[in-house]
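First comes the structure, then the notes that go with it.
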Amino acid sequence: MSWTWVRLALGVLGGLVVWSARAEIVIDRTRLIYPAASGQVTLNLTNQADSPRLVQVWIDAGDPQVRPEYSDVPFTVTPPILRMDAGQGQALRVVYHGEPASADVEQVYWLNVLGIRPATDASHALQLAFRSRIKLFLRAPRLPGQAQEAAQDLRWRLLKGNALQVHNPSAYHVSLASVVLGADGRQYRNDDPPMLAPRSTATVTLHGPSGSGAGGALVQFTTLDDHGNTRTHEAPFSPL
446 MSWTWVRLAL
456 GVLGGLVVWS
466 ARAEIVIDRT
476 RLIYPAASGQ
486 VTLNLTNQAD
496 SPRLVQVWID
506 AGDPQVRPEY
516 SDVPFTVTPP
526 ILRMDAGQGQ
536 ALRVVYHGEP
546 ASADVEQVYW
556 LNVLGIRPAT
566 DASHALQLAF
576 RSRIKLFLRA
586 PRLPGQAQEA
596 AQDLRWRLLK
606 GNALQVHNPS
616 AYHVSLASVV
626 LGADGRQYRN
636 DDPPMLAPRS
646 TATVTLHGPS
656 GSGAGGALVQ
666 FTTLDDHGNT
676 RTHEAPFSPL
């Protein structure tokens with residue numbers, strides 16, 4: 446690794462313009478499942494840019510603004526900083542080194558991959574970086590229930606003001622992708638609903654025609670499974 450790359454790595458987030466919309470360093474999945482009983486998990490990166498990139502990888506606890514050196518999480522990623530040539534692939538190793546994982550609920554962290562273009566000789570050149578973030582789910586060996594069944598257990602309740610209350614009684618996170626309520630021939634929807642933490646309750650605001658709908662209608666919603674695939678579900682809801 447050249448000294449130019451090393452100097453960049455020491456201050457990787459300082460003085461950079463960071464974008465999240467276009468990833469040049471591509472991750473081979475959209476989420477990472479870490480069974481706590483495993484010694485490690487691996488994932489793969491590919492540099493799809495047409496020139497080399499400096500890559501920094503770190504894990505945070507949910508705050509995207511935390512710099513890597515201040516992120517206090519019980520994981521190690523190897524290698525944390527690397528140079529990737531155009532078209533090159535690289536395997537990453539993630540190791541959990543914390544206390545035994547909670548046997549009650551699944552925990553979530555975020556894995557960050559930052560790809561930086563090499564420095565130029567121009568002192569005022571704008572330097573661009575592209576960051577991707579994926580969820581990392583830590584699962585204890587004996588969590589109750591099954592992750593793939595958690596979406597079926599969601600409980601829905603209609604609220605005033607075009608909103609639904611949803612309760613997740615399971616030990617797993619549920620990643621909602623969309624929520625649609627059809628009632629009286631009208632449709633209300635939310636295409637950016639929140640992720641539901643284990644044993645939590647959240648409010649989903651619906652957009653569309655005004656009105657409260659009628660009891661007996663169904664909530665149609667989609668979720669993302671462990672592989673990032675979309676699953677479609679239907680469920681009744683409790684009326685006002």
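Under the numbering used here, the residues of the sequence shown are numbered 446 to 685, in order.
Note that beta-carbon positions come from the ideal geometry of N, C-alpha and C, so glycine has one too.
Since we're looking at a predicted model, the values are computed, not measured.
Give the single residue among the options whose Cα lies nearest to the Cα of residue i.
i       : options                               : result
Tyr-633 : Leu-663, Leu-641 and Ser-615          : Leu-663
Thr-523 : Arg-602, Thr-675 and Leu-488          : Leu-488
Arg-576 : Gly-590, Asp-495, Leu-559 and Pro-563 : Leu-559
Asp-505 : Ser-516, Pro-497, Arg-676 and Leu-499 : Ser-516
Leu-499 : Ile-526, Asp-508 and Gly-630          : Ile-526
Gln-535 : Thr-491, Ala-585, Ala-595 and Asn-557 : Thr-491
Ile-472 : Gly-673, Pro-684 and Glu-679          : Gly-673
Gln-511 : Tyr-554, Ser-623, Arg-587 and His-678 : Here residue 511 is Val; the residue named in the question, Gln, does not match the sequence. Comparing Cα-Cα distances from Val-511 to each of Tyr-554, Ser-623, Arg-587 and His-678, the minimum goes to Tyr-554.
Ala-480 : Thr-646, Pro-586 and Gly-627          : According to the sequence shown, residue 480 is Pro rather than Ala. Measuring from the Cα of Pro-480, the nearest candidate turns out to be Pro-586.
Arg-476 : Gln-501, Asn-557, Gln-485 and Ala-564 : Asn-557
So, for residue i: in the same chain, excluding its five sequence neighbours on each side, which residues have a beta-carbon less than 7 Å away from its beta-carbon?
i       : result
Ala-608 : Thr-648, Val-649, Thr-650 and Leu-651
Phe-682 : Trp-601, Arg-602, Leu-603, Leu-609 and Val-664
Ala-592 : Tyr-617 and Asp-671
Pro-643 : Val-550, Glu-551, Asn-613, Ser-615, Ala-616, Tyr-617 and His-618
Pro-589 : Ala-616
Arg-676 : Ala-596, Thr-667, Thr-668 and Asp-670
Ala-680 : Leu-599, Trp-601, Leu-663 and Val-664
Checking the sheet assignment: what are the DSSP bridge partners for residue i?
i       : result
Asn-674 : BP columns for Asn-674 are empty, so no partner.
Thr-668 : Leu-621 and Arg-676
Ser-683 : Arg-602
Val-486 : Val-539
Arg-512 : For Arg-512, which the question treats as bridged, DSSP gives no partner whatsoever.
Gly-534 : Thr-491
Which first and last residues belong to the beta strand (DSSP E) in which residue i is found?
i       : result
Thr-505 : The amino acid occupying residue 505 in the given sequence is Asp; Thr does not appear at that position. Taken as a continuous stretch (DSSP letters only), the beta strand (DSSP E) holding Asp-505 covers 498-505.
Val-471 : 470-472
Thr-523 : 520-523
What does a CB cutoff of less than 6 Å around residue i pick up in its chain, not counting 5 residues either side in sequence?
i       : result
Pro-509 : none
Phe-582 : Ile-478, Glu-551 and Val-553
Asp-495 : Ala-531
*Quick one: which unbroken beta strand (DSSP E) runs of 3-plus residues sit fully inside the region 603-661? Chain order, please.*
608-613, 619-628, 631-635 and 645-650
_Length at least 3, wholly inside the region 538-593: the beta strand (DSSP E) runs in chain order_ = 552-561 and 573-584
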